[in-house]
Amino acid sequence: MRLWPAAGAAALLLHTLPLTAAVVRIEITERSPVLSRRPFGAAGPYQRLAGRIYFAAAPKLSANRIVTDIDYAPRNAAGLVEYSADLFALVPEDLSKGNGTVLYEVANRGRKTLLNVFNFGRGNISLHPKDATDFGDGLLMEQGFTLFWIGWQFDTPPEDDLLRFRAPVARDGARPITGPVRSDFVPDTRVTTIHLADRTHIPYPVLDPADPAIRLTVRETVLGARRVISRERWQFAKEEKGRVIPVRTHVYMKEGFEPGRIYEIVYGSQDPPLAGLGLAATRDVISFLKYGGQADAGPLAGFHRHIKRAIAFGSSQSGRFLRKFLYDGFNRDEQGRQVFDGVWAHVAGGGRGSFNHRFAQPSRDARPFFNFLYSTDIFPFTDAAQADPETGLSDGILNRARAAKTVPRIFYTNSSYEYYGRSASLIHSSLDGTRDVPPAPQTRIYLIAGAQHGPGGFPPARGRTRFLQNANNFAFAMRALLLAMQRWVAEGKEPPASRYPTVQSGQLVPLEALRFPAIPGVRKPERMQVARRLDFGPQFLGKGIVSIEPPRVGKPFGMRVPQVDADGNETSGIRLPVIQVPLATYMGWNYRDASIGAPEELFSMIGSTVPFAAGRAGRDAAGDPRPSIAERYKDRAEYLRRLSAAARQLAAEGLVLESDIPLLTRQAGEQWDYWMSRPAR
134 MRLWPAAGAA ALLLHTLPLT AAVVRIEITE RSPVLSRRPF GAAGPYQRLA GRIYFAAAPK
194 LSANRIVTDI DYAPRNAAGL VEYSADLFAL VPEDLSKGNG TVLYEVANRG RKTLLNVFNF
254 GRGNISLHPK DATDFGDGLL MEQGFTLFWI GWQFDTPPED DLLRFRAPVA RDGARPITGP
314 VRSDFVPDTR VTTIHLADRT HIPYPVLDPA DPAIRLTVRE TVLGARRVIS RERWQFAKEE
374 KGRVIPVRTH VYMKEGFEPG RIYEIVYGSQ DPPLAGLGLA ATRDVISFLK YGGQADAGPL
434 AGFHRHIKRA IAFGSSQSGR FLRKFLYDGF NRDEQGRQVF DGVWAHVAGG GRGSFNHRFA
494 QPSRDARPFF NFLYSTDIFP FTDAAQADPE TGLSDGILNR ARAAKTVPRI FYTNSSYEYY
554 GRSASLIHSS LDGTRDVPPA PQTRIYLIAG AQHGPGGFPP ARGRTRFLQN ANNFAFAMRA
614 LLLAMQRWVA EGKEPPASRY PTVQSGQLVP LEALRFPAIP GVRKPERMQV ARRLDFGPQF
674 LGKGIVSIEP PRVGKPFGMR VPQVDADGNE TSGIRLPVIQ VPLATYMGWN YRDASIGAPE
734 ELFSMIGSTV PFAAGRAGRD AAGDPRPSIA ERYKDRAEYL RRLSAAARQL AAEGLVLESD
794 IPLLTRQAGE QWDYWMSRPA R
């Protein structure tokens with residue numbers, strides 16, 4: 134079935150649906166062929182679609198009661214709450230030739246990463262893909278996936294091509310709703326102006342800049358004593374082209390903010406958007422694509438006749454979004470049907486986040502030395518229900534999905550970094566870290582050993598870190614796992630068994646028990662990100678209302694990290710060939726460089742590569758306990774033989790693609806040449 138002509142642009146509208154249907158109108162403002170209608174295998178040519186989806190939620194429906202502040206949202210004449218989202222899609226021109234699966238990516242701060250993660254694409258993830266380099270080797274299209282994105286985040290940065298979400302503001306009748314907002318900031322250089330939002334996102338403006346209760350503080354460590362900066366030293370303003378301009382969205386201090394220190398301000402604001410409608414929009418667009426409705430006369434007509442299942446993928450912030458999506462019960466649509474058949478939360482660690490409460494800041498996360506004490510790494514962490522003896526709470530990530538019989542098949546994948554920077558151990562351990570908590574039957578947990586938050590590039594750079602950044606390109610595993618998820622949801626074929634460190638095996642240990650080798654100039658971390666019990670006030674858990682900022686800090690949870698071998702490489706998880714047949718030590722952690730301050734703190738999201746010496750002389754001169762490359766391998770040919778054998782075994786286990794082995798081996802050969810050509814040290 135050919136859905137649209139291959140070229141041209143249009144604005145097509147759908148009819149308004151009944152009160153229980155959330156998608157009320159779709160506008161397609163662009164449709165164009167992908168790569169001049171180049172065919173992608175059996176799926177044939179693809180099209181790009183861009184436009185906007187309009188929603189209307191019935192606030193009294195049980196499926197919508199889980200949206201925080203839904204009772205305070207403005208309503209149209211029909212009593213519905215209206216909102217809208219940008220959309221972008223890459224779809225086969227003939228949907229009957231696709232594989233029947235919508236691969237939906239939760240846009241990360243308005244951006245799209247699917248083609249980079251799974252296609253080896255090299256495009257700008259902030260822009261709509263157009264060029265051949267954007268599409269990489271075309272794996273997703275060759276497999277016949279329909280790729281779909283919508284905006285869901287109301288405070289997306291003001292940049293071109295980002296997917297945006299337009300949410301209504303909560304009001305108490307004619308009166309505005311007010312509340313506290315907290316912002317913290319760690320500069321890497323001396324600056325005079327800081328933004329109230331996380332990085333470049335749209336901030337909540339201060340309600341009363343003259344409020345004498347507002348305090349700006351500074352401290353050196355997460356739990357360090359806050360010191361108040363006197364009010365005459367700063368103001369709500371920004372410096373622009375040498376001028377100081379009063380604004381309600383920035384803080385200015387003439388003497389400057391020092392690098393490596395934690396600045397924090399709590400202030401009053403008003404008019405909170407209904408952030409949770411971003412979760413509802415995600416639910417409803419997928420429900421529409423799978424099940425259809427009266428909107429079938431419009432531009433997405435016929436989708437539900439060919440789309441039989443949906444897989445959600447989210448990385449980092451977007452992975453935390455998916456954990457929140459499941460936890461809050463959004464995998465059940467307004468008619469009680471299951472939304473996603475598969476959910477893949479990637480590098481989300483143990484977190485959820487600020488996606489469904491009043492004055493939410495969706496971009497805020499939790500890192501070793503950035504974004505502190507937000508509602509990110511909070512109880513519960515595991516799929517199974519747990520009881521917290523400290524608070525008396527009992528809960529589990531999948532409690533609501535189980536009750537609604539809408540539990541999808543789930544992948545949780547984390548790199549080594551997430552164990553140091555994102556509380557990943559808590560998704561499969563007890564709250565004190567002393568016991569293993571196995572995943573649910575429909576869940577797989579994978580550690581990607583010796584990796585950082587994103588796939589590493591080669592040769593590794595150093596940037597603002599103390600050591601070279603992590604060069605482990607784990608995209609090879611991601612591609613294989615995606616096809617495993619597709620077989621699982623489409624055919625019921627079991628994916629590879631979970632691979633992660635356990636307490637029982639001795640592979641999941643406290644930081645102080647990490648047996649990291651004594652590599653000259655490299656010291657294992659003494660601090661990492663720690664999840665703690667946080668009290669945001671009595672109405673936070675039940676109503677999503679924060680009344681205590683900063684939160685009261687309680688006891689920490691039991692954090693654990695993967696154990697390592699004599700080289701410093703991790704012994705558990707998916708150990709790709711660069712870990713099994715190594716030329717270096719690959720860590721999930723790195724330190725901040727002294728030039729940006731706080732050099733004893735870990736750098737966010739970046740790991741390390743510490744290469745072996747090329748030969749024995751260099752090893753002895755450095756005092757390196759790790760055998761040199763020449764001591765490990767007779768020559769380049771032997772190294773590549775051993776590496777290829779490891780790759781073939783992983784392919785047999787479904788953890789890399791057989792077709793990727795030549796590229797994987799070629800890259801390994803380039804790394805051998807690079808490390809062996811360096812001067813002896």
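Per the numbering used here: the sequence shown = residues 134 to 814.
Glycine residues also receive a C-beta, built at the ideal position from the N, C-alpha and C atoms.
Measuring CA to CA, which of the options is closest to residue i?
i    : options                   : result
F649 : V697, P684 and N603       : V697
G675 : P758, H490, M661 and P634 : H490
R304 : Y719, T201, F281 and E397 : T201
D793 : V167, E226, F253 and L228 : F253
Q180 : G483, A218, R198 and I161 : I161
L531 : D668, A573 and F503       : A573
D344 : F369, P432, T524 and E226 : F369
L412 : H334, V355, A493 and A434 : A493
R171 : Y385, A646 and D264       : D264
I862 : P643, D466, L340 and T350 : Because residue 862 is not part of the residues shown, which for the chain are 134 to 814, the question remains open.
L641 : Y424, D498 and G691       : G691
S217 : I678, R185, L168 and Q471 : R185
G730 : Y553, E659, P392 and D474 : P392
F268 : F287, Q471 and L247       : L247
R315 : G687, L797 and I681       : I681
S451 : D417, K423 and S487       : S487
P291 : P336, P513 and A175       : P336
D757 : G654, N241, K423 and S508 : G654
G529 : P522, I543, F512 and T539 : F512
R198 : E467, R255, R332 and R242 : E467
P225 : S449, I440 and A778       : I440
S810 : G751, A443, L783 and Y424 : G751
Y237 : Q619, K538 and A784       : Q619
S527 : K538, N257 and L564       : L564
S259 : R297, N232 and V679       : R297
Do residue i and residue j have their C-beta atoms closer together than 9 Å?
i    : j    : result
P817 : V302 : The question about residue 817 has no answer, for the chain in this structure spans 134 to 814.
A830 : A189 : In the structure displayed, the chain extends from 134 to 814; residue 830 sits before or after that span and is not available.
K230 : G177 : yes
R453 : G484 : yes
E275 : T326 : no
D726 : R769 : no
T704 : I652 : no
P541 : Q575 : yes
P684 : L506 : yes
L790 : F609 : yes
G554 : Q662 : yes
T234 : V622 : yes
L240 : L280 : This sequence places Ala at residue 240; Leu is not what is there. No.
I283 : T415 : yes
Y550 : M738 : yes
L644 : R693 : yes
L422 : A443 : yes
L220 : V472 : no
Any heavy atom of the ligand ATP closer than 8 Å to the CB of residue i?
i    : result
R181 : Among the components modelled here there is no ligand, and therefore nothing to report on the ligand ATP.
Starting from the C-beta of residue i, find all residues in its chain whose C-beta is less than 8 Å away, skip the five residues before and the five after it, and write them out in chain order.
i    : result
E803 : F591
R352 : A358, R359, R360, R394, I395 and E397
L145 : With a pLDDT of 37 at L145, under the threshold of 50, the predicted position of this residue should be treated as unreliable, and no value is reported.
Who are the near neighbours of residue i in its chain, counting only those whose CB is closer than 6 Å to its CB and skipping five residues on each side?
i    : result
W808 : L716 and P744
V324 : F390
M720 : G740 and S741
L349 : I362, W367 and I398
R632 : Y579, G706 and I707
L133 : Outside the displayed range of the chain (134 to 814) lies residue 133, so it cannot be described from this structure.
T333 : P290
Leaving out the 5 sequence neighbours to the left and right, which residues in its chain are closer than 7 Å to residue i when beta-carbon positions are compared?
i    : result
G174 : E275
V355 : F505
(message) Does the structure place the region 463-479 close enough to the region 704-716 that three or more beta carbon pairs sit under 8 Å?
(response) no
(message) What ranges does the alpha helix (DSSP H) occupy inside the region 225-288, keeping only unbroken runs of at least 4 residues that lie completely in it?
(response) 247-252, 265-268 and 272-275
(message) As an exercise, report each continuous beta strand (DSSP E) stretch of at least 3 residues that is fully enclosed by the region 497-558, in chain order.
(response) 542-548
(message) Would you call the region 549-568 in contact with the region 625-643, where contact means no fewer than 3 C-beta pairs closer than 8 Å?
(response) yes
(request) Please determine if the region 591-600 and the region 193-213 are in contact, where contact requires at least 3 C-beta pairs separated by less than 8 Å. (result) no
(message) For the region 655-670 against the region 605-615, do three or more pairs of beta-carbon atoms, one drawn from each stretch, fall closer than 8 Å, so that the two count as touching?
(response) no
(message) For the pair the region 755-764 and the region 733-747, tell me if three or more CB-CB distances fall below 8 Å.
(response) yes
(request) Can you check the region 773-813 for any beta strand (DSSP E) of at least 3 residues that lies completely inside it and give the ranges in chain order? (result) none
(message) Could you tell me which whole alpha helix (DSSP H) segments of length 4 or greater appear in the region 574-655?
(response) 608-624
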